[in-house]
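Accompanying notes for the structure given below.
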Amino acid sequence: MAQEPSTGIRRLFGAAAAAAIAASAVAFNPALATSRPATPTAGPSSHHGCNLSDGNVKHVIYIQFDNTHLVRDNPNVPSDLEQMPHLLNFMRNNGTLLAKDHTALIAHTATGILSSLTGVYGDRMGVPVSNSFRYFKPDGSTSLGVSFAYWTDQVYDPTLSSSAVPTDRTYNMLTENGHNAPAPWVPYTRHGCDVGAVATANIVLENTGTNATGDITKVYGAGSPEYDEAVASAAAPSGTAARQLAQTDFVGIGIHCAKVTSTCAGEHAQPDLLPDEPWGYYGFKGLFGAKYVNPQISPSGSVKDTNGNDITDPFGQPGFPGFDGMSAAVTLGYVAQMQEAGVPVTYAYISDAHDARPTGPAYGPGQAGYVAALKSYDDAFKAFFDRLAADGINKHNTEFVFTVDEGDHFVGGAPSPAGCDGVTTPCTYSQIGEINGNLAGLVTTQTGNATPFTVHSDSAPTVYITGNPARDNVLTRDLERAMDQVTATNPMTSTTDKVAHQFADPVEMKLLHMITADPFRTPSFTLFADPNYFLFAGAPNCSSPCVTQQPGFAWNHGDNSPDIALTWAGFVGPGVKHLGETHATWTDHTDIRPTLLFLLGLKDDYRHDGRVILEILRHLEHAGDATASTSPPGPCGHHSHPATLSQVERLGHAYKQLTAPFGRLARASLKISTEGIQSGSSADDGHYVAVVAQLTHFTNHRNALADHISQLLNNAEFLGTHISRHDAVTLTHQAWQLIEEVQAAAP
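When the letters of the sequence shown are read in order and numbered with our numbering, they come out as residues 1129 to 1875.
Right under this line is the structure:
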């Protein structure tokens, strides 16, 4: 579905355009807010320098948190964002905070970030299972794949020796057609904008691997000075500065440069190679690692955090402090320094505040360490916004996006004292920590089923049966039914819990956007567990306890419980309405990318799974409930009447419930899948066969309908075409009709 990139749809949300819209009560068409039609081009922009939204936007600041909540985890304890009022009020007072955003499946850091960066689900960018996954080898065993790897890497397997030949040579970031996924910095650099990256998934180096699949090998090459440093670092004693040095120098920090820029003019810039990028990507360079970025953005000394401290690793070496070291003060210090050094587009990651970094215990809501961490985050945002204001970087010339990868689920007992709020009365916990379950041991001891398997350990573990039998093979079906019977004694409550709540095999996973173009990554099935449990595949016995509580980890991810699925997203800047905090619009992470690009007058050279969130855009509001009758009928009669803005918004809402992994259709289909997988026996599996046929029908119908709607929305958003009133109304009706059909079929 490639499209030609544009020099930018130059949307001028100015008084003249707004007046024209209001005066004529026109029907919805994004091109009406455009000064001229998009001009397709296969190369970089002809503009000199970075010119966004026809010059109205000078900066882009995109920040994505890990596990930071808008909703309270304890009704008495202010939420994470409530304890960061400088950020919360910045979003509420200057733009729109979407309180009903959602992550993608599985709900983990890599998938949440990458679906936001790309605007597509895991089946179209290669990472629906994260933060690691398993892949089948030719002998039917599995090995480890790590979701965090540089954008153009093949599957990264850290267990391979430096001389081993990988058996899975597909890209880690993988399209539905088996190509390398288009990179998110491309529209900016083509348009003359340098893009800074601060610990943002897969657009920086993620590891110091020197085997065939490692990041250092991929970007710098074997035998390079950087490669030699990484080899020496890996050989140094554990726990030393020398062992840490390669990560400090090369991982986590980067700049992707436009063609005409001084940032990448030096000898240390590397070719920014994207061989599969639609419409080509040639002659661009990048800087990879603080060793080379820091001198460009801070030539007088170390980059400093918002408190004025040098940013260093745990051994005091200047550079990347590690992903767990990306507190708000560190990340925002890097972002501000990049912006001040003339890097106008920055993408950044902030680690969560509910774990004592780097190796300390997990905190519960309202615990003193948690509250103190959030206070430091709030202080960092105050300093950040003050610093940007002094630099002239503000809501009038900057598009700000703030969001989070996924929610997470707290595992712990009741706090003490009762009614503590954390801020005035600290909370303490006598019971805290995820409940770890040895799934292999539980299945074998409770059911006698000893089928060997591996898992991607999680609260939603993906199961890989040794030998890779088909989904309807008796081994697969018997193991699914066995896992459905597993129980565990909860160490906090002493009650007996049913461990598995829902199941998805490859048929349902396809509907949930969890099947990639790489068949070796396809799990045998996925188990969605009680969200208090974290499941792994240990020894097939319980000689050591199969169920334990681990106080070092208290926040579960991956699963499909509401507190994990529900996230938030804040937009501030030119073209964004001031709605404050709103619960009126249902969105998910794939909507962030198209909305931001629309605001900037840019576009990707592929179609998104998300939609532009029209409800939060200014200067389209006057088109509100305009009737299509104001436009003369075309040669096709009523089919040519353009839809109104409200009709397109209703179509977009139906589209999300139709296709999103946490939308209504998906939630209902998972119930159908679970009931089918639980059913039957080795002697009679007829009901499961019928359920598979039913889900296959629903998936095919959903995909065809969603593809049609997506194409119409994308063309209207980025190519300036009309959606007809007939199509908007008809497709909205068809979407809800299918959703209701699936809901009616759910047990």
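Glycine included, C-beta positions come from ideal geometry on N, C-alpha and C.
If you drop the 5 nearest sequence neighbours on each side, which residues of the same chain put their C-beta closer than 7 Å to that of PHE1218? Cβ contact annotation for PHE1218 (same chain, cutoff 7 Å, sequence separation greater than five): PHE1513 and VAL1700, in chain order.
Is ASP1433 closer than 9 Å to ILE1425 when the C-beta atoms are compared? no
Excluding five sequence neighbours on each side, which residues of the same chain lie with their C-beta closer than 7 Å to the C-beta of LEU1242? Same-chain partners within the cutoff: MET1253, VAL1255, ALA1329 and ASN1330.
Range of the contiguous beta strand (DSSP E) that encloses LYS1413: 1413-1416
Which residue or residues does DSSP assign as beta-bridge partners of ASP1917? A question about residue 1917 goes unanswered here, because the residues of the chain that appear run from 1129 up to 1875.
Leaving out the 5 sequence neighbours to the left and right, which residues in its chain are closer than 6 Å to ASN1688 when beta-carbon positions are compared? Contacts found: PHE1656.
Within a Cβ cutoff of 8 Å, which residues of the same chain sit near HIS1537, ignoring the five residues on either side of it in sequence? SER1587, PRO1659, ASN1660, TRP1683, ASN1684, HIS1685, ASP1687, SER1689, ASP1691 and ILE1692
What do you get for PRO1761, buried or exposed, if any count of 16 or more other CB atoms within 10 angstroms of its CB means buried? Confidence at PRO1761 is low in this model, with a pLDDT of 36, below 50, so its placement is unreliable and the value that follows should be read with caution. By the neighbour-count rule (16 or more Cβ atoms within 10 Å), PRO1761 is not buried but exposed.
What three-state label does DSSP hand SER1544 in the structure shown? strand
Between the alpha carbons of THR1391 and PRO1673, how many angstroms are there, rounded? 56 Å
Between the CA atoms of ALA1481 and GLU1354 - distance to the nearest angstrom: Take the alpha-carbon of GLU1354 and the one of ALA1481: they are about 33 Å apart.
With a CB to CB cut of under 7 Å and the five nearest residues on each side skipped, what residues in its chain are close to PRO1489? Closer than 7 Å at Cβ, skipping near neighbours: PRO1679 and GLY1680.
List the endpoints of the continuous beta strand (DSSP E) containing ILE1381. 1381-1384
Put HIS1861 into one of helix, strand or coil per three-state DSSP. Looking at HIS1861 - three-state DSSP - the assignment turns out to be helix.
Looking only at its own chain, which residues have a Cβ that is under 8 Å from the Cβ of LEU1209, when we skip the five neighbours before and after it? THR1196, HIS1197, LEU1198, LEU1215, LEU1216 and TRP1696
Looking at GLN1375: is its Cβ nearer than 9 Å to the Cβ of SER1352? no
Span separating the alpha-carbon of ALA1667 from that of VAL1614: 16 Å
Give the C-beta separation of ALA1782 and THR1860 to the nearest angstrom, bearing in mind that I take them to be a contact with Cβ-Cβ under 8 Å. 5 Å
Leaving out five residues on either side along the sequence, give the residues of the same chain with a beta carbon under 6 Å from the beta carbon of PRO1875. The beta carbon of PRO1875 sits closer than 6 Å to the beta carbons of LYS1799 and GLU1803 from its chain, once the five residues preceding and following it are set aside; these are given in chain order.
Segment limits, beta strand (DSSP E) that includes THR1573: Segment 1567-1575 is the alpha helix (DSSP H) holding THR1573; no beta strand (DSSP E) there.
Give the DSSP-derived three-state secondary structure of LYS1346 in the structure shown. helix
Under 9 Å between C-beta atoms of LYS1510 and GLY1223: no
To the nearest angstrom, how far is the alpha carbon of ASP1812 from that of PRO1365? 58 Å
Leaving aside the five residues before and after ALA1873 along the sequence, list all residues of the same chain whose C-beta is less than 7 Å from its C-beta, in chain order. ILE1800 and GLN1822
On the criterion of 16 or more Cβ atoms from any shown chain inside 10 Å, does ARG1297 qualify as buried, or is it exposed? exposed
Quick one: give me the first and last residue of the alpha helix (DSSP H) that ILE1805 is part of. 1792-1806 is the extent of the alpha helix (DSSP H) around ILE1805.
Between ALA1645 and the rest of its own chain, which residues show a CB-CB distance below 6 Å, the 5 nearest in sequence each way excluded? LEU1302, GLU1304 and GLY1306
Tell me the rounded alpha-carbon separation between ARG1778 and HIS1706. 21 Å
Hey, how far is the Cα of THR1758 from the Cα of ILE1851? With a pLDDT of 30 at THR1758, under the threshold of 50, the modelled position of this residue cannot be trusted; read the value that follows with caution. In a straight line, the C-alpha of THR1758 is about 15 Å away from that of ILE1851.
Going by DSSP, what residues sit across from ILE1563 in a beta bridge? Checking the DSSP bridge columns, you'll see ILE1563 partnered with TYR1661 and GLN1677.
Name, in chain order, the residues that DSSP records as bridge partners for GLY1273. Its beta-bridge partners are PHE1261.
Using 8 Å as the Cβ pair cut-off and three pairs as the minimum, do the segment 1176-1195 and the segment 1312-1327 touch? yes
Is the separation between the beta-carbon of TYR1316 and that of LEU1730 shorter than 9 Å? yes
According to the Cβ coordinates, are ALA1464 and LEU1516 closer than 9 Å? yes
Alpha carbon to alpha carbon, how far is SER1271 from THR1287? Give it in angstroms, no decimals. 8 Å
Please state whether DSSP places ASN1843 in a helix, a strand or coil. helix
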